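First up is the structure itself, then whatever we jot down about it.
In our numbering, the protein residues as written are 3 to 540.
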């Protein structure tokens, strides 16, 4: 009896006119049609496709386990490719509505989707499967790709789904890996055995327009995923970085920009440096010279380069020509402070490598960083001071810095800048005082000692107090400074420091301060007086 009931529905729907308006009643009847009839007669899947395109009906299509009972089986491999293609197209339309996502995830459709992506039965089937995943994972992205909003986006329940997360690497891999081997009936067809088995392997990509379009979609897919911290580690583990590096060299502008954003987001991960053995610094820096690259894209490139420059094995690539000149030219001409900050960080990382300092010791380079230091930006001030202090190791640079009284400028600025910047300036002072005693007189004559004592007695920051102590030890090694340092008011302030008291109590101060030349040679304030002050504090 039941078979006759379904047969009646089957015949009624088969007789309907293609122009007949869609109704909820008819949808209810359609959902009662058996899976085998969807499989055998295209009229039903065509009708279902119409319902799936209409937002009024999409939620109803997903109700009552219809997806699990009919649509998921239609995506199985034993069906005709035309049936599988139609089923994936239905799911593409449904997944465009965020309200259907939970139902789709509960329908167990991810397993056949992963299979279809991995097997790559047909171009359009794979394309639809990837699009479904993109719709499920990245509902917050519109056609304008507002990356600023993307960074703050809530990716919703979909990203919590473990099955979905396991499916994503396969989607990204296949999305990157289409190689056209033949064409049938005017449509590209791709062979599964020619596809990469892992993200790490490489292959040149066909240069057809459709291939470029597919690859662009892949870059967009991975770029969008990279904004979510949950996926950063997954992408790195599956060696997406190698694929992004290949895409950076592509002539397609949109593809390069997506790759740049993904690279920038991944570059902040602790595991990033272990995976960038093949990075081409030149190709990244070349993007600065590409006409039409928008501001956020340039910043993303600079952020990637800043993170890469932390690794000393890549630092010498930044100092080759024309790469170094391109970066310096941006520092001179750009009006984008954030872009300048990121590039200054690159040079700051390089300046910490003593083997590369000689390649930066030119007066014109020094003047670029001096001009940036004078800008009213705390980040620039801190990092440029670090670079300049490293350059002061060179005798020519030292003479130039003494001539313009750079130490005096740092001492003046350090009292008014932010905490982070003042710490960097203290580091810079220590480096310059340590490199050459020629800076000592200028430092002491310009209220430098008072500044050190101020930071030494900061109860809120023991690290800055420690840096001040270190600077005092360096100064105390030279006889010409000892009279100034041994004044009773100076010594009293040193002992009054809470950091010094802790060191005395731990019997560690001997190794740091009492054994320095300052305490061994001062005549105005002998060891007995030091002991008396110390006992009072304890």
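Don't be surprised by glycine CBs; every beta carbon is placed ideally from N, CA and C.
Keep in mind it's a predicted model, so treat the numbers as computed, not measured.
Practice task
Just the C-alpha distance for residue 350 and residue 234, rounded to the nearest angstrom, thanks.
Solution key: Along the chain shown, read from residue 1 onward, the residue named residue 350 stands at position 348. Along the chain shown, read from residue 1 onward, the residue named residue 234 stands at position 232. Going by the C-alpha atoms only, they are around 26 angstroms apart.
Exercise for the section: Starting from residue 118, follow the alpha helix (DSSP H) in both directions and report where the run begins and ends. Expected result: Counting from 1 along the chain shown, the entry for residue 118 is found at position 116. Segment 112 to 121, the alpha helix (DSSP H) holding residue 118.
Handout entry: Other residues of its chain near residue 381: CB distance less than 7 angstroms, five sequence neighbours each side excluded
Key = Position 379 of the chain shown, counted from the start, is the residue given in the question as residue 381. Once the five neighbours on either side are set aside, the close Cβ partners of residue 381 are 343.
Exercise for the section: Pick helix, strand or coil for residue 287, following the three-state DSSP scheme. Expected result: Counting from one through the chain shown, the residue named residue 287 turns up at place 285. In this structure, residue 287 counts as helix in the three-state DSSP scheme.
Problem - Three-state secondary structure assigned by DSSP to residue 94 - result: Here residue 94 is taken as the residue at index 92 of the chain shown, counted from 1. Of the three classes helix, strand and coil, the one that applies to residue 94 here is helix, per DSSP.
Problem - Cβ shell of residue 465 (< 8 angstroms), same chain only, five flanking positions each side left out - result: If you number the chain shown from 1, residue 465 lands on position 463. These residues qualify, in order along the chain: 425.
Exercise for the section: Check whether the Cβ atoms of residue 432 and residue 496 sit closer than 8 angstroms, and answer yes or no. Expected result: For the purposes of this step, residue 432 is taken as residue 430 along the chain shown, with counting starting at 1. For the purposes of this step, residue 496 is taken as residue 494 along the chain shown, with counting starting at 1. Not a contact, by the Cβ cut-off of 8 angstroms.
Problem - Beta-carbon spacing of residue 442, residue 451 below 8 angstroms - result: The count along the chain shown starts at 1 and reaches residue 442 at position 440. The count along the chain shown starts at 1 and reaches residue 451 at position 449. It is not a contact, given that the beta carbons lie outside the stated cut-off.
Problem - Segment limits, alpha helix (DSSP H) that includes residue 375 - result: One-based indexing of the chain shown puts residue 375 at position 373. Residues 365 to 375.
Exercise for the section: Grab me the residues of residue 358's own chain with a C-beta within less than 8 angstroms of its C-beta, minus the 5 sequence neighbours each way, in chain order. Expected result: Mapped onto the chain shown, residue 358 falls at position 356. Once the five neighbours on either side are set aside, the close Cβ partners of residue 358 are 317, 318, 321 and 352.
Problem - residue 77: first and last residue of the uninterrupted alpha helix (DSSP H) it sits in - result: Position 75 of the chain shown, counted from the first residue, corresponds to residue 77. Taken as a continuous stretch (DSSP letters only), residue 77 belongs to no alpha helix (DSSP H), as it is neither H nor E.
Practice task
Please say whether residue 277 and residue 325 have beta carbons closer to each other than 8 angstroms?
Solution key: Translated into the one-based positions of the chain shown, residue 325 becomes position 323. Translated into the one-based positions of the chain shown, residue 277 becomes position 275. Contact: no.
Problem - N-terminal and C-terminal residue of the alpha helix (DSSP H) that residue 330 is part of - result: Counting from 1 along the chain shown, the entry for residue 330 is found at position 328. Looking at the DSSP string, the run of the alpha helix (DSSP H) that includes residue 330 is 325 to 335.
Practice task
Give a yes or no on whether the minimum CB-CB distance between residue 250 and chain C is below 8 angstroms.
Solution key: The chain labelled as chain C is not found in the depicted structure, where only one protein chain is given.
Practice task
Would you mind reading off the limits of the alpha helix (DSSP H) that contains residue 437?
Solution key: Along the chain shown, read from residue 1 onward, the residue named residue 437 stands at position 435. Run containing residue 437: 421 to 437, per the alpha helix (DSSP H) assignment.
Practice task
Could you check what DSSP says for residue 318 in three-state terms: helix, strand or coil?
Solution key: For the purposes of this step, residue 318 is taken as residue 316 along the chain shown, with counting starting at 1. It is helical.
Exercise for the section: Tell me whether residue 450 sits in a helix, a strand or coil according to DSSP, three-state version. Expected result: Start at 1 with the first residue of the chain shown, and residue 450 comes out as number 448. Of the three classes helix, strand and coil, the one that applies to residue 450 here is helix, per DSSP.
Exercise for the section: Mark residue 244 as exposed unless 16 or more other C-beta atoms lie within 10 angstroms of its C-beta, in which case mark it buried. Expected result: If you number the chain shown from 1, residue 244 lands on position 242. Looking at its Cβ environment, which holds 16 or more other Cβ atoms inside 10 Å, residue 244 is buried.
Handout entry: Best match in 279, 284 and 268 for proximity to residue 302 [C-alpha to C-alpha]
Key = Mapped onto the chain shown, residue 302 falls at position 300. Among 279, 284 and 268, the Cα nearest to that of residue 302 is on 268.
Practice task
Starting from the C-beta of residue 454, find all residues in its chain whose C-beta is less than 7 angstroms away, skip the five residues before and the five after it, and write them out in chain order.
Solution key: For this step, residue 454 is matched to residue 452 along the chain shown. Result list for residue 454: 470, 473 and 474, in chain order.
Practice task
With a cut-off of 8 angstroms on the beta carbons, I'd call residue 94 and residue 133 a contact; round off their distance for me.
Solution key: Here residue 94 corresponds to residue number 92 of the chain shown, with the count starting at 1. Here residue 133 corresponds to residue number 131 of the chain shown, with the count starting at 1. Rounded, the Cβ-Cβ distance is 5 angstroms, consistent with contact.
Exercise for the section: Please classify residue 386: does DSSP put it in a helix, a strand, or coil? Expected result: Numbered from its first residue, the chain shown carries residue 386 at position 384. Residue 386 falls in the helix class under three-state DSSP.
Handout entry: Cβ contact check for the segment 106 to 117 and the segment 74 to 86: 3 or more pairs under 8 angstroms
Key = yes
Practice task
Would you mind stating whether residue 87 and residue 127 have Cβ atoms separated by less than 8 angstroms?
Solution key: Counting from 1 along the chain shown, the entry for residue 87 is found at position 85. Counting from 1 along the chain shown, the entry for residue 127 is found at position 125. Against a cut-off of 8 angstroms, the Cβ pair of residue 127 and residue 87 comes out as a contact.
Exercise for the section: Using beta-carbon positions only, say whether residue 371 and residue 409 come within less than 8 angstroms of one another. Expected result: As a first step, residue 371 must be located in the chain shown, where it is residue number 369. As a first step, residue 409 must be located in the chain shown, where it is residue number 407. Taking 8 angstroms as the Cβ cut-off, residue 371 and residue 409 do not qualify as a contacting pair.
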